[in-house]
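So the sequence lines, in the order shown, correspond to chains H and U.
Residue numbers for the first sequence follow this note's numbering, beginning at 1 and rising by one.
Residue numbers for the second sequence follow this note's numbering, beginning at 1001 and rising by one.
For every residue, glycine included, the Cβ atom is placed at its ideal position computed from N, Cα and C.
Worksheet for the structure shown next.
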Amino acid sequence: MRAVASFFAAALSLCGLAAVPALAQEQSPLLHQQWSWEGPFGTYNLADAQRGFQVYKDVCSTCHSMNNLHYRDLAGIGLSEDQIKAIAASVTVPQGLDDQGNPKDGPGMPASMFRAPFPNAAAAKAALKVAPPDLSNIINAREGGPDYVYSILNGFISPPPGFKLAEGSNYNEYFPGHQIAMPQPLHGGDVTFAEGAPNSIPDEAHDVVTFLAWAADPDMVQRKQIGWRVVLFLVVMAGLTYAVKRKVWSDVEH
Amino acid sequence: MAGQLHDSDFKNPVVQWIDTRLPIFSMMQKEYMVFPTPKNFNYFWNFGAMAVVTLVIMIVTGILLAMNYQPNTELAFDSVQHIMRDVNYGWMLRYIHQNGASMFFIVTYIHIFRGLYYGSYKTPRELLWMIGVVILLLMMATAFMGYVLPWGQMSYWGATVITNLFSAFPIVGHGIVTWLWGGFSVANPTLNRFFALHYLLPFVLVAVVGLHVAALHVTGSNNPLGIDVKSPQDTVPFHPYYTAKDSIGLCVFLLVWAIFVFFYPHALSDPNNAIPANPLQTPDDIVPEWYFLPFYAILRSIPNKLAGVCLMFGSILVLFVLPWLDTSPVRSARFRPIYRKVIWLLVLAVFGLGICGAHKPEGIWVPLSRICALYYYLHFLVILPLLGKLERPLPLPESISKAVLRPGGGPLPQAARAQPMEKA
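So this is what it looks like as structure tokens:
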């Protein structure tokens, strides 16, 4: 058995890289939330997603980019054109070159991509030691999806006695191996929501996960709507073809 | 010497004008309308038509995706995101294509199982079967290269592991790998050529599928009884009988596909492939798509790399000689009391390998995958050759129509014969 494992490790190391060592610590089962978009009829709760965007803008975006989104996409969580213009205008984004050929910055427009906190991954790594992952797709990019991200955000606790924490890492109950480079991002009360919506850690985490789920799959609602029409059509079509087949074959002993 | 114009009996003057010069309408009429087809097919015979439709859908969605995709390591991942987010209905094209690969393999594997169960590979259909195995190999190559294109973590590491398999061959191995990569690692030249080949191979597939169908139309279809067609009474014209029956299967199949595309588009994909490729970070476990898992399990179950690679490729190559390994003259498992049991053990072994392939090769999964791999080879290399000699087949029915007619049933009613074609 050892031989097989080492063969596979050898196959990997042929690429010049050894496999990352297996993770030793036991993992806690992820926290599960009843997400509004689950199931074939589920849709995003837009109020949650809008508050979640506020959490992203005020907290996460200090370190994490969302490079696949435009400000105009925020219409998808129900923001109005004026709101989107105001949000975009409040940031400075690269705008190509000026007349002298020098890089130019300017206020964002709805068509601008989300402003990234660092110009590139190397700059992020230089500043933070570990480049934070882009969040455009994070819900699709982790086993457990929304539950995983929700658990990580709620999972910062003090390490159990005797746990050796490497320098620059933080203890997280749900992170594989428990040592995460990200310091605790949400402490509760990080963001003040309109209409006094609750802003404890679980509330903020729930909202920002809703926003990230929308960001990872912005066409989900349209997809499911079209899906129901397609399914209905095919069910009717299957019934019709079955009737036709019965009729066609009615004169053959088979 | 003046050629002879084709004698066409189509009424429409335009159709007739074309048909006398290029008798494609006559050909379609002969091969897809009146084509005599055994009348006792069950729904297993739907899967060939489903596979053809899938191939067409994959080519159409693939061409549309290629219009917006960038085969460059710097741009590929984001160009797929661009397709999903900014291209009109790009998400639909991508989900149809992505899940379509899985659907294609489900349909093809069931089609192959049909061939195994009813002995469709036996004389005179050996070549038809072998062309089918070529189709399977081409499909696998196409699917593998297609999976590399989104340039996620599994794309990159899957490509690295699979291309590295060739390094197991002595002397030429490393040369082959460098040649495949177009460099010294999986990088931009690799992505570029995989894109070119992923675009090319489906059209090669179309041509080979054409040969598969052409060969089928020489020998005619096998049937659940596995006996030859004896008289016109055993057959019905392809249209409308099997066009109608195939349509049912097709609707149900498209329904399953649609449920994946519209409601569970990520159910069959690995979350790691939503992370951009990173040559500096190996994923915890590198696993291929589900349809390669049984073969991957064979590979990982063998401690010697070269032997593992050979046994993995051998598991498909053995299908080429299957018509000569199976010594029984009886085609259908229905009349082979032992074969109809052991074939399910083969199915069990293949599913077992699939489950083993999804787990890291440690603990119980290693002996389990070895037992399953051993049984796989045992089935083809030992059981099938011996069974033909040892097994006593049940008596075969006299003819297809005798078998399906109720006792005392009379001759077929007039209407069951070829119905007059509506001429264009």
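Item                                                                                                                                                      : Value
Measure the C-alpha to C-alpha separation of V1087 (chain U) and R1094 (chain U) and round it to an integer number of angstroms.                          : 10 Å
What does I1383 (chain U) touch in chain H if you count any residue whose Cβ is under 8 Å from its own?                                                   : The contacting residues do not exist; I1383 (chain U) stays about 26 Å from chain H at best.
Please report the residue range of the alpha helix (DSSP H) in which P1036 (chain U) lies.                                                                : Segment 1036-1038 is the beta strand (DSSP E) holding P1036 (chain U); no alpha helix (DSSP H) there.
Can a CB atom of chain H be found closer than 8 Å to the CB of F1263 (chain U)?                                                                           : yes
Just tell me which of U:H1266, U:P1202, U:M1033, U:E1362 has its CA closest to the CA of V1053 (chain U).                                                 : U:P1202
On the DSSP letters alone, give me the boundaries of the alpha helix (DSSP H) that L1255 (chain U) sits inside.                                           : 1238-1263
In this structure, how does DSSP classify L1322 (chain U) when only helix, strand and coil are distinguished?                                             : helix
Taking Cβ-Cβ distances shorter than 8 Å, what residues in chain H pair up with Y1241 (chain U)?                                                           : V248, W249, V252
Give the residues of chain H in contact with I1275 (chain U), contact being defined as C-beta atoms less than 7 Å apart.                                  : A141
If we ignore side chains and look at the alpha-carbon of each, how far apart do L1426 (chain U) and F1380 (chain U) end up?                               : There is simply no residue 1426 (chain U) to check, as chain U begins at 1001 and stops at 1424 in what is shown.
Tell me whether F211 (chain H) is buried or exposed, calling it buried when 16 or more other Cβ atoms sit within 10 Å of its Cβ.                          : buried
Between N1222 (chain U) and Y1118 (chain U), is the Cβ-Cβ spacing less than 8 Å?                                                                          : yes
Could you tell me the distance, in whole angstroms, from the CA atom of F1077 (chain U) to the CA atom of E81 (chain H)?                                  : 29 Å
What span of residues does the beta strand (DSSP E) with L972 (chain U) cover, start to end?                                                              : No information on residue 972 (chain U) is available, as it lies outside the stretch 1001 to 1424 that chain U covers here.
I'd like the list of long-range same chain contacts for Q95 (chain H), defined as Cβ closer than 7 Å, with 5 residues on each side in sequence excluded.  : K104, D105, G106
Closest Cβ-Cβ distance between R115 (chain H) and chain U: below 8 Å?                                                                                     : no
Can you tell me whether Y1156 (chain U) is buried or exposed, with buried defined as 16 or more other CB within 10 angstroms of its CB?                   : buried
Using the beta-carbon of each residue, which ones in chain H are nearer than 8 Å to Q1081 (chain U)?                                                      : N68, S136, N137
Out of U:Q1233, U:A1258, U:Y1147, U:L1254, state which residue places its alpha-carbon closest to the alpha-carbon of H254 (chain H).                     : U:Q1233
Closer than 8 Å is the cut-off here; do at least three beta carbon pairs connect the stretch 123-136 of chain H with the stretch 49-65 of chain H?        : yes
Three Cβ pairs or more, each shorter than 8 Å: is that satisfied between the stretch 1160-1171 of chain U and the stretch 1299-1313 of chain U?           : yes
For chain U, is any of its Cβ atoms less than 8 Å away from the one on A238 (chain H)?                                                                    : yes
Rounded to whole angstroms, what's the CA-CA distance from Y1375 (chain U) to L1346 (chain U)? Just pull it up for me.                                    : 7 Å
Report the option in U:K1122, U:P1329, U:A1373 whose CA atom is closest to the CA atom of G1357 (chain U).                                                : U:A1373
Output needed in chain order: residues of the stretch 203-232 of chain H with a Cβ under 7 Å from some Cβ in chain U.                                     : P218, D219, R223, K224, I226, G227, V230, V231
Output, in chain order, the set of chain H residues within a Cβ distance shorter than 7 Å of W1091 (chain U).                                             : D219, R223
Are S1399 (chain U) and S1231 (chain U) close, meaning C-beta to C-beta below 8 Å?                                                                        : yes
Should V235 (chain H) be flagged as near chain U, meaning a C-beta pair shorter than 8 Å?                                                                 : yes
Between which two residues does the beta strand (DSSP E) holding Q95 (chain H) run?                                                                       : 92-97
Mind listing the chain H neighbours of R1085 (chain U)? Cutoff is C-beta to C-beta under 7 Å, in chain order.                                             : N68, P218
For the stretch 1039-1057 of chain U, enumerate the residues whose C-beta is nearer than 8 Å to any C-beta of chain H, in chain order.                    : K1039, N1040
Ignore the nearest five residues each way along the sequence and tell me which others in N1099 (chain U)'s own chain have a CB closer than 6 Å to its CB. : F1260, V1261
Can you pull the chain H neighbours of K1245 (chain U), defined as C-beta to C-beta under 7 Å?                                                            : K245
Does Y150 (chain H) get closer than 8 Å to chain U when you measure Cβ to Cβ?                                                                             : no
What residue does the beta strand (DSSP E) around D105 (chain H) start on, and which one ends it?                                                         : 103-107
Using the Cβ count rule (16 or more neighbours within 10 Å means buried), how would you classify G1363 (chain U)?                                         : exposed
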